[in-house]
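Participant:
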Amino acid sequence: MSGALIAVLALTVLFFIILAKTAVVVPQQNAYIVERLGRFSGILPAGFHILVPFIDVIRYKHILKEQAIDIPEQICITRDNVQVGVDGVLYMKIIDPERASYGISNFGFAISQLAQTTLRSELGKIELDRTFEERTNINTNIVSELDKATEPWGIKVFRYEIKNITPPADILGAMEKQMRAEREKRATILTSEATRDAAINTAEGEKQQTIKKSEAHKQRQINEAEGQAAAILSIAKATAEGIREVADTIQMAGGMEAVQLRVAEKYIEQFGNLAKVGNTMIVPSNVADVSGMLASAMTIIQQTGTPVAPVRPAAPPRG
Numbered sequence: 038m039s040g041a042l043i044a045v046l047a048l049t050v051l052f053f054i055i056l057a058k059t060a061v062v063v064p065q066q067n068a069y070i071v072e073r074l075g076r077f078s079g080i081l082p083a084g085f086h087i088l089v090p091f092i093d094v095i096r097y098k099h100i101l102k103e104q105a106i107d108i109p110e111q112i113c114i115t116r117d118n119v120q121v122g123v124d125g126v127l128y129m130k131i132i133d134p135e136r137a138s139y140g141i142s143n144f145g146f147a148i149s150q151l152a153q154t155t156l157r158s159e160l161g162k163i164e165l166d167r168t169f170e171e172r173t174n175i176n177t178n179i180v181s182e183l184d185k186a187t188e189p190w191g192i193k194v195f196r197y198e199i200k201n202i203t204p205p206a207d208i209l210g211a212m213e214k215q216m217r218a219e220r221e222k223r224a225t226i227l228t229s230e231a232t233r234d235a236a237i238n239t240a241e242g243e244k245q246q247t248i249k250k251s252e253a254h255k256q257r258q259i260n261e262a263e264g265q266a267a268a269i270l271s272i273a274k275a276t277a278e279g280i281r282e283v284a285d286t287i288q289m290a291g292g293m294e295a296v297q298l299r300v301a302e303k304y305i306e307q308f309g310n311l312a313k314v315g316n317t318m319i320v321p322s323n324v325a326d327v328s329g330m331l332a333s334a335m336t337i338i339q340q341t342g343t344p345v346a347p348v349r350p351a352a353p354p355r356g
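Going letter by letter, the sequence shown gives residues 38 to 356 in this note's numbering.
1. Is the beta carbon of Y197 less than 8 Å from the beta carbon of G145?
2. Helix, strand or coil for T343 per DSSP?
3. Quick one: using the 10 Å Cβ neighbour count with 16 as the cut-off for buried, is M289 buried or exposed?
4. With C-beta atoms as the reference, is Q153 less than 8 Å away from Q111?
5. Would you report the Cα separation of L165 and E182, rounded to the nearest angstrom?
6. What does a CB cutoff of less than 6 Å around L160 pick up in its chain, not counting 5 residues either side in sequence?
7. Just curious, the alpha helix (DSSP H) that E159 is in, first and last residue?
8. Does the segment 43-50 come close enough to the segment 66-83 to have 3 or more Cβ pairs within less than 8 Å?
9. Determine the extent of the alpha helix (DSSP H) in which A83 is found, giving its start and end residues.
10. According to DSSP, simplified to helix, strand and coil, what is A60?
11. What whole-angstrom Cβ distance do I358 and A137 have, given they're in contact under 8 Å?
12. Would you give the residue range spanned by the alpha helix (DSSP H) that P134 belongs to?
13. Determine the contact status of T59 and I87, defining contact as a CB-CB distance below 8 Å.
14. So, with DSSP's three-state summary, where would you put F25?
15. Can you tell me which of the three DSSP states K303 falls into?
16. Tell me whether G40 is buried or exposed, calling it buried when 16 or more other Cβ atoms sit within 10 Å of its Cβ.
17. Leaving out five residues on either side along the sequence, give the residues of the same chain with a beta carbon under 8 Å from the beta carbon of I80.
18. Is it true that the CB of K130 sits closer than 8 Å to the CB of F85?
19. Measuring CA to CA, which of Q66, R96, P90, A83 is closest to F77?
20. Rounded C-beta distance between L156 and V123? I'm assuming under 8 Å.
21. Pick from A206, N174, N143: whose alpha carbon is nearest that of T187?
22. Where do the N-terminal and C-terminal ends of the beta strand (DSSP E) with K130 fall, by residue?
23. Go ahead and pull the three-state DSSP assignment for P189.
24. Any idea what DSSP makes of R233, helix, strand or coil?
Encoded structure:
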């Protein structure tokens, strides 16, 4: 191979090396830090750029998109001296590539360590039973502390999320027993409340039933009393009407004779029934004197104000 060909090849290789050192294409959402002779020269945004060969050097390359940093699990001690394993994930973004390059050597490692120490500090302020319900407050406090610490580095921390809180096995067993006891307690309370409500409803139903029965009985007695009063009134009216009819009839011609005949018939009828009551009886001596009985009855009628014709004594019975 001749010397001219070797020179051409060497120049070709040198050209490509210089081209690679001078022509740079920066992807979207990326930023390159350029140093000139060891000092900061500028930030290359997305696009095509030409550098000065052997003078300008790309020292740092940063991604400007939001990034998620996994925070490894660590052992934290709560306020009530219980050890729990906690891990999480952090979301951050580079705002100033220059400060992210020269403000700290490894911002990812620094943010991870700062998140762990802040998490241990926050968990040490609360009891184990409150760690699950206080996760939102813990995340907010960690983000606030990290944002203050990373601002000089040109990094913005948006949020922090706790992924898992893992207590020891014996603590988990105790928590399960506690939750089971709490559920049984709530079930017992609900059952007793249901029994109480059922008893109250039953008593209220019985009360209403008793009231309804008493009201119905009262109404029935009122109705019966009103019916009996109406019946008595009707009977009284009918009796009065009958008495008036009898009185009017007696005042007619032959009325008194009819009364005497009726009384004599009733007397004889009842006298004939005396022997049917018993074998031995005590009777007045003049029980068979029908005429005397009629005279007495007529005397009573006359005393009531009703004019009565004189009674003719009946002829004595023939021997």
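All C-beta atoms, glycine included, are put in the ideal place defined by N, C-alpha and C.
Facilitator: According to the structure shown:
1. No. Outside cutoff.
2. At T343, the pLDDT of 46 sits below 50, so the modelled position is not reliable; the number obtained from the coordinates is stated separately. DSSP places T343 in coil when its eight states are reduced to three.
3. With fewer than 16 Cβ atoms within 10 Å of its Cβ, M289 is classed as exposed.
4. For the 8 Å CB-CB criterion, Q153 and Q111 form a contact.
5. Each residue's alpha carbon lies about 22 Å from the other.
6. Closer than 6 Å at the Cβ level, and outside the excluded window around L160, lie C113, T115.
7. DSSP places E159 in the uninterrupted alpha helix (DSSP H) bounded by 144-160.
8. As far as the Cβ criterion goes, the segment 43-50 does not touch the segment 66-83, which means the pair count is below three.
9. Here A83 belongs to no alpha helix (DSSP H), and DSSP marks it neither H nor E.
10. In the structure shown, A60 sits in a strand (DSSP, three-state: E or B).
11. In the structure as shown, the chain begins at 38 and stops at 356. Residue 358 is therefore absent and cannot be evaluated.
12. Element bounds for P134: 134-139.
13. Yes, they are a contact pair.
14. In the structure as shown, the chain starts at 38 and stops at 356, and residue 25 therefore has no counterpart that could be examined.
15. Note: K303 maps to helix in three-state DSSP.
16. So G40 ends up on the exposed side.
17. Listed in chain order, the non-local C-beta contacts of I80 below 8 Å within the same chain comprise A68, Y69, I70, V71, P134, E135, local neighbours out to five positions each way being set aside.
18. No.
19. When only C-alpha atoms are compared, the closest one is R96.
20. Indeed, because the Cβ distance is near 6 Å, the residues count as touching under 8 Å.
21. Nearest option by C-alpha distance: N143.
22. Bounds of the beta strand (DSSP E) holding K130 are 120-131.
23. P189 falls in the helix class under three-state DSSP.
24. Helix at R233.
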